[in-house]
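Student: Our numbering numbers the first residue of the sequence shown as 803 and each following residue consecutively.
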Amino acid sequence: MGERLLVVEDEPSLLKGLLDVLSLRGYEVESSGRGDEALEMALTRPYHLILLDVMLPELSGFEVLKALRQAGRRTPVILLTAKNTEMDKVLGFELGVDDYVTKPFSLLELLGRIGAVLRRAEPPAATREAPADETLTFGPVVFDIKRYTVHHPEKAVELPAKAFDILRVLARHEGTVVSRDTLMDEVWGQDQFINQRTVNNLVVKLRQTIEADPAEPRFLKTVHGVGYRLDR
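(1) Which residues does DSSP list as the beta-bridge partners of G1029?
(2) Grab the span of the beta strand (DSSP E) containing L870 for me, first residue to last.
(3) What whole-angstrom Cβ distance do L1004 and F1021 have, given they're in contact under 8 Å?
(4) Spatial neighbours of R836 within its chain, please: CB distance less than 6 Å, with the 5 preceding and 5 following residues excluded, ordered by chain position.
(5) Are E832 and L808 closer than 7 Å when you measure CB to CB?
(6) Please report the residue range of the alpha helix (DSSP H) in which E888 lies.
(7) Please return the same chain residues whose Cβ sits closer than 6 Å to the Cβ of A869, not counting the five positions on each side in sequence.
(8) Of all the options T877, R982, S834 and E960, which has the alpha carbon lying nearest to the alpha carbon of I916?
(9) Which class does F966 belong to by DSSP, given the choice of helix, strand or coil?
(10) Less than 7 Å between the C-beta atoms of D946 and T939, yes or no?
(11) DSSP on L937, reduced to helix/strand/coil?
(12) In the DSSP output, which residue or residues are listed as bridge partners for H953?
(13) Around the C-beta of G1029, are 16 or more other C-beta atoms found within 10 angstroms, so that it is buried, or is it exposed?
(14) Taking all protein chains shown into account, do 16 or more other C-beta atoms lie within 10 angstroms of the C-beta of M889, making it buried, or fewer, making it exposed?
(15) Look at the alpha carbon of V1006 and the alpha carbon of T978, and state the distance between them as a whole number of angstroms.
(16) Classify T883 as buried or exposed, calling it buried when 16 or more other Cβ atoms lie within 10 Å of its own Cβ.
(17) Just the Cα atoms here: how many angstroms apart are V810 and R999?
Here it is as structure tokens:
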């Protein structure tokens, strides 16, 4: 293995247990019990994956995740949470989380999810896609897909990382209809808890950025009952 993981958990006994198990499994592990410290570590050191508790001192897991994605960091993140509400999951996925594990959890489940996320993050060379265009232009609005940034001539724009991922998939299939199920599979993976409302909400955010009149879209169009089509 040898993958480098950052474990962010403020409960000492749980943190110790996680570090012991992950180390025995061959992972190289670093840890933090504070949100602000974890954010600094994640921004300045390379990790293959971050296990991130939601309830942390100084900065919450959601705040750490949001800051990472706004900084353009695509390090895979699994959130550890004591809450199992749909709204929390929707928020996390919109911010760019890769998976959720609800406390209390079994170590076997956690190890399985870590392995699945790591496999999705680095697909085998034989199946890896050719890089897509790094920028997408819609009139005066320019998306830098690689850096997860938007240049808008009239306003500052911040978008969730998953909105960029949706746009990347739509651009790869430009001119053809992409179903919501396909977007969910390609952006989040088939084993994720995602509903179509999450996709719809992110498309709304994209339209508000791309379109001069979001109610009458020119670029990002809905094909009712099927999905979305990107036309440029």
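Beta carbons: idealized from backbone N, C-alpha and C, even for Gly.
Tutor: With the given structure in hand:
(1) Note: G1029 sits in a beta bridge opposite S981 and V1025.
(2) No beta strand (DSSP E) contains L870, which is instead part of the alpha helix (DSSP H) from G863 to Q872.
(3) The Cβ separation is near 15 Å, so there is no contact.
(4) In chain order, P859 and E860 place their CB closer than 6 Å to the CB of R836, counting only its own chain and leaving out the 5 sequence neighbours on each side.
(5) Closer than 7 Å, so yes.
(6) Per DSSP, E888 belongs to the alpha helix (DSSP H) from E888 to L897.
(7) Non-local beta-carbon contacts of A869 in its own chain, meaning distances under 6 Å to residues more than five positions away in sequence, involve L841 in chain order.
(8) With respect to the C-alpha of I916, the residue from T877, R982, S834 and E960 having the closest C-alpha is T877.
(9) Under the three-state reduction of DSSP, F966 is assigned to helix.
(10) Their beta carbons are not under 7 Å apart, which means D946 does not touch T939 by this criterion.
(11) In the sequence under discussion, the amino acid at residue 937 is Thr, which differs from the Leu named in the question. Strand.
(12) According to the DSSP secondary-structure assignment, H953 is paired through a beta bridge with V944.
(13) Flag for G1029 reads buried.
(14) The Cβ neighbour count for M889, taken over all protein chains shown within 10 Å, is under 16; the residue is labelled exposed.
(15) Straight across, the Cα-Cα distance linking V1006 with T978 is about 19 Å.
(16) Under this definition T883 is a buried residue.
(17) C-alpha separation (whole angstroms): 29 Å.
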